[in-house]
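Written below as structure tokens is the structure these notes are about.
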Amino acid sequence: MLKKIGELFGMLTGGTAKVEKETTQLDVRLELDESAHFQHTKASSKTSAFLNKENADEDDEMEVEYMIVADKCITAALSVEGTRDRLLEQQRWKKRRVGEVSSRFLTAPPVIKRRRQVTRLYKPRRKLKGLPLGEAQAEPQNHNPTHFATGAPSRIPHRHRSNLHPVPLSARQNMSSTKFTSPPPAQPDSAPVALSFVANCDNRVAVITLNAPEKLNALGWADYKCITQCLEWIALQPDIIVTIFTGKGRYFSAGANVKDPSRTLPDHVARADSNTAEGKAIIADFYAGRTHAGQGKLALALRNHPKILIAALNGPTVGLSAAILSHCDLVYAYDDFFLFTPFMSLALVAEGLTSVTFIKKMGLGRATEALLEGRKMSAQDLKESGFITRLYTKPPTYDGKDKLATPPILDDVVKHVQDKFLPPNASPFSLLYTKKLLNDAAYAYAGVDAVNQAELRGAETVFASGAPQKRFESIAGGARHKL
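Residues 1026 to 1508, numbered by this note's numbering, are exactly what the sequence shown covers, in order.
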């Protein structure tokens, strides 16, 4: 037993020495917990006294004391080891945190940087990777820098200024990368959905173009999904301020493509018997996944889009494509424009969050007419309700005889955007922040997520019944329809 106690004491002493040695090598200052240090000292002294006591084998009380001392020795050793691991983990976390903050600051656009604490607008004299050379690396001219925007004396305490100097605004603007964070999901000449950028605007204005004029820009399930991907990609680009929707030809969009090949059911769904519970479940699951991935994600991407969302409407719009316009912050159209949502006649339910956005944009009365009656809403009605921001007169040369000709409304809207929404005429931060305030005020308590889910459940129900598919097949076969 004495040998066992000696081994235990040696292990404790050796473990403590090993911890101290590793601590010295890593140059980490360890502050041991007081209770752990006290237990370690007390356990060591009791163990030494026990080793010097004679007739230890015959003393039952000392046997119990040995167990107590042994337990406390182990507890102390574990406490020392745990304290060391805890402090090392804290040190590693701090290094990672500093690296993450530095990386985000160096790659963030100037607009976002101005929102951060003033102290982050100052950097050490040493060169940091990613910062521009020249003026930003110069030595400080004085020890009382001014605020970067107001010119007033900085409120940073003097004790924090000795080794710091301000990064000029021009240098901070150069930090903003003009490159995209990832490749765009569509190209300028893609069809039926194209993504391009306005020339001479430093990639600040993105244009999503519906590019299938030969079929009036009718879109399939995959095309709406592509629009969603474009919106999500644009939302992640720090330099883009404005997103514009437009189309090629005489229609902005004729809505859903009734000949969409993706409407063909997979074999396992086509074989499912709708008269059995199992078959109904298979059909319901298929349409649930399809509607959520299609119009469900599109509605959320539109509603949550952080950029200024503008519609430059080359022509009328129908169906789900009309829902896109209700999410736009500003809508510009020609005076012969109309909006048509024939959901009821197609055995559909309201989709794309139109049951919320139509009410917000055109009022309950007009929204009821548009969604329940399927009334064609004229440009004048929509302008009076506030749905349309401004109407243009279509040039007489675009009389509709050339079915592929595109009226030049995009040129007029781009010029307006350059005058109103791009630096130096407007602050990007002010624009985007004010948009967020407006959307929060209008939709924060509207239960948008719940409404979206309710619309999707309705879509699942009607598609599972097969009624809309029959209407689409009839139209695709040449039957007459209102649209």
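All C-beta atoms in this analysis are idealised placements derived from N, C-alpha and C, irrespective of residue type, glycine included.
- The region 1357-1377 and the region 1476-1492 touch, with three or more beta-carbon pairs separated by less than 8 Å.
- With a minimum length of 3 residues, the unbroken runs of beta strand (DSSP E) contained wholly in the region 1276-1343 fall at 1333-1338.
- Of all C-beta pairs linking the region 1444-1460 to the region 1363-1372, fewer than three are shorter than 8 Å, placing the two stretches out of contact.
- Look at Val1438 here: in three-state DSSP terms it is helix.
- For Ser1499, the uninterrupted alpha helix (DSSP H) segment begins and ends at Ala1492 to Ala1501.
- Taking the C-beta atoms as reference points, Leu1457 is found nearer than 9 Å to Lys1332.
- Within its own chain, the residues whose Cβ lies closer than 7 Å to the Cβ of Tyr1312, once the five positions on either side in sequence are excluded, are Glu1485, Phe1488 and Ala1489, listed in chain order.
- Contact between Tyr1357 and Thr1414 holds, since their C-beta atoms are separated by about 6 Å, short of 8 Å.
- Within the DSSP secondary-structure output, Phe1222 pairs in a beta bridge with Ala1231.
- Residue state for Ser1380 is assigned as helix, using DSSP reduced to three classes.
- Secondary structure of Gly1390 (DSSP, three-state): helix.
- Close CB contacts of Pro1209 within its chain, under the 8 Å cut and outside five residues either way in sequence, are with Leu1220, Cys1255 and Trp1258 (chain order).
- Ala1324 is classed as buried because its beta carbon has at least 16 other beta carbons within 10 Å across all chains shown.
- Sorting Arg1496, Gly1491 and Ile1500 by C-alpha distance to the C-alpha of Leu1290 places Gly1491 at the top.
- In this structure, the CA atom of Glu1303 is about 11 Å from the CA atom of Asp1310.
- Residue pairing by DSSP places Gly1272 opposite Leu1235 in a beta bridge.
- Secondary structure at Ala1375: coil, using DSSP grouped into helix, strand and coil.
- Excluding residues up to 5 positions away in sequence, Gln1262 lie with their Cβ nearer than 6 Å to the Cβ of Phe1205 in the same chain.
- In this structure, DSSP gives Ala1216 a state outside helix and strand, which the three-state scheme calls coil.
- Residues of the same chain with a CB within less than 7 Å of the CB of Ser1299, apart from the 5 flanking positions on each side, are Lys1305 and Ile1308 in chain order.
- A distance below 9 Å separates the beta carbons of Ala1348 and Thr1379.
- Exclusion of the five residues before and after Leu1338 leaves Phe1277, Ala1358 and Phe1362 as the residues of its chain whose Cβ lies within less than 6 Å of its Cβ.
- Each residue's CA atom was taken as its position, placing Ala1467 and Asp1406 some 22 Å apart.
- Asp1474 is the residue among Asp1474, Leu1416, Leu1435 and Ile1384 whose C-alpha sits nearest the C-alpha of Lys1322.
- Between Ala1231 and Arg1391, the alpha-carbon positions lie close to 31 Å from each other.
- Contact annotation, Leu1435 with Thr1271: C-beta distance approximately 5 Å; criterion of less than 8 Å satisfied.
- In this structure, the CA atom of Asp1424 is about 12 Å from the CA atom of Gly1274.
- At the C-beta level, Trp1246 and Asp1214 stay beyond 9 Å of one another.
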